[in-house]
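Heads up: the structure comes next, in structure tokens.
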Amino acid sequence: MAKITIPLGPQHPALKEPENFMLVLDGEQICDATVNLGYNHRGVEKAAENRNYIQDIYLIERVCGICSHSHVSCYIGCVEEIAKAQVPDRAKAIRTLIAELERVHSHLLWLGVAAYEMGFETMFMYTWRDREQVLDCLEMITGNRVHYGINTIGGVRRDINAQQAKEVLTKIAYLEERTKYYVKLATEEPTLLARTQNVGKLPNKVAIERNAVGPTARASGVKMDVRKDEPYFIYDKLDFEMITYHSEDVFGRVVVRVLELVESYKIIRQVLSALPEGPIAVKVPWKIPQGEAVFRYEAPRGEDIHYVKSNGTEIPERVKVRAPTLSNFQSIPYMLKGDYLADVPITIAAIDPCMSCTDRAVVYDAKKGKTQVFDWEELRKYSIDFYKRKGVNFSGK
Amino acid sequence: MEILAALIYITVFPGFLFLASYGTALQWADRKIAAVMQNRVGPPWYQTLADFIKLASKEIVIPDGADVALFKALPYVAVASVSTAVLFIPVFGMPVYSFQGDLVAVIYLLTIPTATFFLAGWSSTSPYASIGSIRVMTQLFGYEVPLLLALVGPAILAGSWSIQEISAFFVSNPKLILFQIIGFVVAVLALQGKLERVPFDTPHAKNEIVGGQFTEYSGMLLALFNLSIDMEMVVGAALINAVFLGGTWNYFSFAAFAVFMVKTFAIVFLLTAIRAAMARVRIDQMVSFCWKYLAPMAMLQIVIDLYIKYSLK
Amino acid sequence: MPKKPMRILPEAAKNLFKKAATVAYPFEKASLYEGYRARIIFDVEKCIGCKMCMRVCPAKAIEIVLAENQPQPQTGPDGKPMPVKKIFNCIMSLDRCIYCAQCVEICPKKALAYTQDFELAQIDRKKLKLHYK
Numbered sequence: 001m002a003k004i005t006i007p008l009g010p011q012h013p014a015l016k017e018p019e020n021f022m023l024v025l026d027g028e029q030i031c032d033a034t035v036n037l038g039y040n041h042r043g044v045e046k047a048a049e050n051r052n053y054i055q056d057i058y059l060i061e062r063v064c065g066i067c068s069h070s071h072v073s074c075y076i077g078c079v080e081e082i083a084k085a086q087v088p089d090r091a092k093a094i095r096t097l098i099a100e101l102e103r104v105h106s107h108l109l110w111l112g113v114a115a116y117e118m119g120f121e122t123m124f125m126y127t128w129r130d131r132e133q134v135l136d137c138l139e140m141i142t143g144n145r146v147h148y149g150i151n152t153i154g155g156v157r158r159d160i161n162a163q164q165a166k167e168v169l170t171k172i173a174y175l176e177e178r179t180k181y182y183v184k185l186a187t188e189e190p191t192l193l194a195r196t197q198n199v200g201k202l203p204n205k206v207a208i209e210r211n212a213v214g215p216t217a218r219a220s221g222v223k224m225d226v227r228k229d230e231p232y233f234i235y236d237k238l239d240f241e242m243i244t245y246h247s248e249d250v251f252g253r254v255v256v257r258v259l260e261l262v263e264s265y266k267i268i269r270q271v272l273s274a275l276p277e278g279p280i281a282v283k284v285p286w287k288i289p290q291g292e293a294v295f296r297y298e299a300p301r302g303e304d305i306h307y308v309k310s311n312g313t314e315i316p317e318r319v320k321v322r323a324p325t326l327s328n329f330q331s332i333p334y335m336l337k338g339d340y341l342a343d344v345p346i347t348i349a350a351i352d353p354c355m356s357c358t359d360r361a362v363v364y365d366a367k368k369g370k371t372q373v374f375d376w377e378e379l380r381k382y383s384i385d386f387y388k389r390k391g392v393n394f395s396g397k
Numbered sequence: 398m399e400i401l402a403a404l405i406y407i408t409v410f411p412g413f414l415f416l417a418s419y420g421t422a423l424q425w426a427d428r429k430i431a432a433v434m435q436n437r438v439g440p441p442w443y444q445t446l447a448d449f450i451k452l453a454s455k456e457i458v459i460p461d462g463a464d465v466a467l468f469k470a471l472p473y474v475a476v477a478s479v480s481t482a483v484l485f486i487p488v489f490g491m492p493v494y495s496f497q498g499d500l501v502a503v504i505y506l507l508t509i510p511t512a513t514f515f516l517a518g519w520s521s522t523s524p525y526a527s528i529g530s531i532r533v534m535t536q537l538f539g540y541e542v543p544l545l546l547a548l549v550g551p552a553i554l555a556g557s558w559s560i561q562e563i564s565a566f567f568v569s570n571p572k573l574i575l576f577q578i579i580g581f582v583v584a585v586l587a588l589q590g591k592l593e594r595v596p597f598d599t600p601h602a603k604n605e606i607v608g609g610q611f612t613e614y615s616g617m618l619l620a621l622f623n624l625s626i627d628m629e630m631v632v633g634a635a636l637i638n639a640v641f642l643g644g645t646w647n648y649f650s651f652a653a654f655a656v657f658m659v660k661t662f663a664i665v666f667l668l669t670a671i672r673a674a675m676a677r678v679r680i681d682q683m684v685s686f687c688w689k690y691l692a693p694m695a696m697l698q699i700v701i702d703l704y705i706k707y708s709l710k
Numbered sequence: 711m712p713k714k715p716m717r718i719l720p721e722a723a724k725n726l727f728k729k730a731a732t733v734a735y736p737f738e739k740a741s742l743y744e745g746y747r748a749r750i751i752f753d754v755e756k757c758i759g760c761k762m763c764m765r766v767c768p769a770k771a772i773e774i775v776l777a778e779n780q781p782q783p784q785t786g787p788d789g790k791p792m793p794v795k796k797i798f799n800c801i802m803s804l805d806r807c808i809y810c811a812q813c814v815e816i817c818p819k820k821a822l823a824y825t826q827d828f829e830l831a832q833i834d835r836k837k838l839k840l841h842y843k
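Residue numbers (the working numbering), protein chains in the order written: chain A, 1 to 397; chain B, 398 to 710; chain C, 711 to 843.
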């Protein structure tokens with residue numbers, strides 16, 4: 001049979017966000033795959049350069065809907081480092097608590113999505129039902145389910161009281177019970193095993209070479225976790241394990257994420273049992289002194305890096321976001337090659353892609369080999385001209 | 398007169414109209430039970446009907462390069478072949494028509510919809526639909542042989558190729574039904590493949606190839622295809638009921654009808670439970686599962702049946 | 711690892727006799743936790759027009775303007791004009807507001823507060839512009 005090229009995306013039922021994969025198929029087998037990004041570019045970094053530090057908190061929070069706390073904590077870590085703010089211990093503990101609750105919610109969401117991509121609807125429904133518990137915890141503590149808005153420069157905005165802590169603990173106990181059930185389900189159900197084992201192989205060497213991060217890397221046996229390598233918040237005082245697995249396939253990624261859930265419950269219990277007393281925030285002046293900083297943070301999807309440069313005013317000169325998905329995308333074409341078409345959705349889902357985190361402006365002219373940055377007006381003009389050449393006039397003239 | 402009667406049988410009862418209404422009802426039951434198993438509310442009772450009406454009122458889009466006549470005719474062929482197949486299966490007591498070898502005829506009539514699915518995908522000239530139709534064909538080679546082998550077992554035991562006679566045989570020897578359990582399991586799993594439901598729904602796995610063979614279909618044509626699958630579910634359940642479970646159990650008219658409804662519903666409940674409890678398998682895994690496990694199991698059933706047959710004598 | 715086909719079935723069977731986990735939201739009231747941030751309200755009496763809220767609003771959804779009807783300047787008992795507190799109004803664009811409540815936090819006079827009124831959907835966009843007087 002002749003080789004055919006099929007597009008997967010930008011609009012496709014398997015993808016929750018727009019991205020495009022061109023797959024060259026030989027029957028059912030994939031012989032080549034290319035990844036095209038950029039369908040979800042929103043100009044967040046540019047917008048951050050037009051707002052002051054406090055406004056940027058909420059802007060950066062909206063880089064991603066699922067790891068919103070991760071991005072904000074990362075950004076605020078940079079700003080606090082430049083401003084040399086001494087964040088109180090209680091604030092650090094609350095940040096850790098929210099970070100771990102967020103990891104629980106993200107991993108449960110992922111488990112559901114993965115089950116759905118394999119056509120296992122019942123498991124998808126169960127995990128998402130249980131995820132409501134952790135979303136309730138987040139709503140109770142922070143005041144919102146998705147964009148928590150708990151961080152502020154110099155600390156956190158809301159304190160946690162004894163009653164809330166008690167309720168979180170009861171919900172965590174329920175979730176722990178459920179997670180044990182999912183561990184059994186994921187490792188014993190034959191159809192699930194058939195779909196995950198030896199699918200999307202990413203050998204240890206390739207994972208390092210292609211710069212995989214987070215659970216994707218840990219499932220290939222790469223020992224990397226920012227919480228261990230370069231502890232932030234109060235992670236250096238906590239007792240938890242770095243989960244690694246050596247099967248180097250989708251099954252390993254399932255196992256790593258499910259076991260990380262168990263570790264997260266452990267961390268949440270430790271944080272709540274030893275909440276330090278004291279204030280929850282310190283005052284940080286509006287104008288941040290000149291300087292620059294980089295902060296690394298272990299988001300649920302992997303290592304998140306933010307870079308902030310300050311010029312001494314109340315508006316940052318540069319904010320750069322390196323989302324974990326961007327790192328993990330390099331390994332996708334490798335994982336897809338040689339697999340079956342049926343494995344594409346689960347292989348892509350296994351890195352837990354988050355497109356809105358990832359898409360940044362890149363204009364690269366391959367023929368001339370140069371990079372060009374467009375501003376808004378130029379970009380608008382370019383798009384109008386582009387469509388005029390195709391015979392469509394959007395300019396309204 | 399005979400032709401007129403046959404037409405009424407095909408179009409009204411137990412043919413098209415009955416199958417369509419019972420099929421949509423069973424589809425609703427399937428969706429509702431799956432939903433309750435997943436701890437959610439599920440669709441209201443009129444949902445399947447509303448889906449049909451909505452689809453029927455939509456515009457039909459025919460892709461460029463498709464064979465228009467073939468593209469339009471296929472759904473009708475699928476519906477017609479399923480409506481015909483039910484005439485040989487006992488619904489209201491005796492089946493409408495019965496002859497030696499109607500078991501094979503029904504199996505062939507039930508293969509026609511699958512063939513139309515393949516042609517539908519192939520004539521759509523879209524990559525997703527083409528891949529879907531190839532998968533339909535590959536899957537057909539997977540489940541068809543185990544299904545046929547599983548149905549052969551009871552036929553050998555009863556010494557007849559007529560569905561009516563096979564079920565009559567089981568009614569007079571009810572204990573032998575217990576020995577058909579392997580064949581029954583094989584037939585239910587193969588039927589799941591025939592109906593293209595999880596875990597064997599690869600031909601139209603939405604996460605992989607969008608709508609599969611039906612990607613380019615819309616409006617009334619798609620509604621008819623969906624309807625034909627619903628009707629096939631009824632006929633498939635009725636066939637398994639007649640061959641393995643003694644059909645309508647010697648009753649006639651309304652009592653027979655009640656038995657028919659209860660038994661087909663029970664089989665659909667089984668199908669739903671399988672659907673809810675599994676993930677979708679890959680097409681290569683599906684075929685190897687069918688040949689490695691289902692076909693030998695069906696052969697084992699035939700051996701058991703042969704043994705019973707000669708020990709009974 | 712031992713393989714157990716249909717591992718999820720016992721739980722699925724249990725659910726046949728359980729109530730659905732779904733919240734029938736529009737028919738049933740959704741439960742909110744205390745401290746859920748929704749529509750921001752404004753107290754004219756307290757506002758001093760410092761416009762800090764406008765400065766921190768990430769979505770530029772809040773606007774503090776001078777009210778149309780200002781109190782008449784009054785003269786004190788000694789005949790000199792007394793200083794009068796100006797009145798400020800607040801225009802909230804609910805279509806832009808992201809409900810972070812940063813304005814509530816920054817307000818020095820506590821003129822802004824958040825409520826738990828979250829059912830704010832409108833068909834007409836103009837209705838999303840609230841003018842607090």
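C-beta atoms are modelled at their ideal positions from N, C-alpha and C, and glycine is treated no differently.
- Query: When the Cα atoms are used, what is the spatial distance from A/G278 to C/V754?
  - Reply: 35 Å
- First through last residue of the beta strand (DSSP E) which encompasses A/N20: N20 to D26
- Proximal chain C residues relative to B/A674, where beta-carbon distance stays under 9 Å: P715, M716, R717, I718, L719 and A722
- Message: Could you check if A/T313 belongs to the surroundings of the ligand ADP, using beta carbon to heavy atom distance under 8 Å?
- Response: Within the structure as shown, the ligand ADP is missing, as the structure has no ligands at all.
- Leaving out five residues on either side along the sequence, give the residues of the same chain with a beta carbon under 7 Å from the beta carbon of A/E117. A14, P345, I346 and A349
- Task: Could you work out which residues of chain B lie near C/K820, taking near to mean beta carbons separated by less than 8 Å?
- Result: Within chain B, no residue comes near C/K820; the closest Cβ sits about 43 Å away, beyond 8 Å.
- If you follow the beta strand (DSSP E) that C/L840 is part of, which residue opens it and which one closes it? K839 to Y842
- Message: Per DSSP, what are the beta-bridge partners of A/A33 in this structure?
- Response: A/L23
- Query: Which runs of the alpha helix (DSSP H), 4 residues or longer, sit entirely within the stretch 424-499 of chain B?
  - Reply: 444-453 and 465-482
- Message: Cβ closer than 7 Å: which chain C residues qualify as neighbours of B/M434?
- Response: A722, N725 and L726
- Message: Run through chain C and tell me which residues come within less than 7 Å of B/A392, C-beta to C-beta.
- Response: This structure does not reach residue 392 of chain B, given that chain B is present from 398 up to 710, and the question cannot be answered.
- Would you grab the beta carbon distance between B/F449 and B/T421 for me? Rounded to a whole angstrom, and I think it's under 8 Å. 7 Å
- Message: Our contact map puts B/P596 next to B/R677 with C-beta atoms below 8 Å; I'd like the distance itself, whole angstroms only.
- Response: 5 Å
- Message: Can you confirm whether A/L410, when its beta carbon is compared against all beta carbons of chain B, has any partner nearer than 9 Å?
- Response: No answer is possible for residue 410 of chain A: the residues shown for chain A start at 1 and end at 397.
- B/L714 versus B/M617, B/Y525 and B/A482, residue with shortest Cα-Cα distance: Beyond the ends of chain B as shown, which are 398 and 710, falls residue 714 of chain B; an answer cannot be given.
- What's the call for B/G539, buried or exposed, on a 16-neighbour Cβ count within 10 Å? buried
- Message: If distances are taken between C-alpha atoms only, which option among B/W558, B/A673 and B/W519 comes closest to B/Q589?
- Response: B/A673
- Item | Close beta carbons around A/Y307, own chain, < 6 Å, minus the five adjacent residues each side | V294 and K320
- Query: Quick one: what's got a C-beta closer than 8 Å to C/P768's C-beta in the same chain, skipping five residues either side?
  - Reply: I808, C810 and Q812
- Please go through the same chain and pick out, in chain order, the residues whose beta-carbon is closer than 7 Å to the beta-carbon of B/W646, but skip the five residues on each side of it. V568 and V656
- Message: Just to confirm the assignment: which complete beta strand (DSSP E) runs, minimum length 3, are found wholly within the stretch 625-665 of chain B?
- Response: none
- Query: Of all the CB atoms in chain C, is at least one closer than 9 Å to the CB of B/I637?
  - Reply: no
- Under 9 Å between C-beta atoms of C/I741 and C/I772: The question names Ile, but residue 741 of chain C in the sequence shown is Ser. No, the Cβ-Cβ distance between C/S741 and C/I772 is not below 9 Å.
- C-alpha distance - B/S521 paired with B/F489, whole-angstrom precision: 40 Å
- Item | Contact with chain C by B/R437, beta-carbon distance below 9 Å | yes
- Quick one: what's A/Y297 bridged to in DSSP? A/D304
- Can you tell me the Cα-Cα spacing of B/N604 and A/I6, whole angstroms? 14 Å
- Message: For the stretch 197-208 of chain A against the stretch 216-225 of chain A, do three or more pairs of beta-carbon atoms, one drawn from each stretch, fall closer than 8 Å, so that the two count as touching?
- Response: yes
- Task: Closer than 8 Å by beta-carbon distance: list the chain A residues that pair up with C/V766, in chain order.
- Result: N52, I54 and Q55
- Message: Between B/P600 and chain A, is the shortest Cβ-Cβ distance under 9 Å, so that the two count as touching?
- Response: no
- Query: From the beta carbon of A/G149, is the nearest beta carbon of chain C less than 9 Å away?
  - Reply: yes
- Message: Using 8 Å for Cβ pairs, my map puts A/K388 next to A/I234. What's the rounded Cβ distance?
- Response: No, A/K388 and A/I234 are not in contact; Cβ-Cβ is about 57 Å, not under 8 Å.
- Message: Can you pull out the residues from the stretch 464-480 of chain B whose beta carbon lies closer than 8 Å to at least one beta carbon of chain A?
- Response: none
- Message: So A/F251 and A/T313 are supposed to be a Cβ contact under 8 Å. How far apart are they, rounded?
- Response: Contact flag wrong, Cβ pair sits at about 51 Å.
- Message: Tell me which residue opens and which closes the beta strand (DSSP E) that C/Y824 is part of.
- Response: L822 to Y824
- Query: The alpha helix (DSSP H) with A/R103 in it runs from where to where?
  - Reply: D89 to E117
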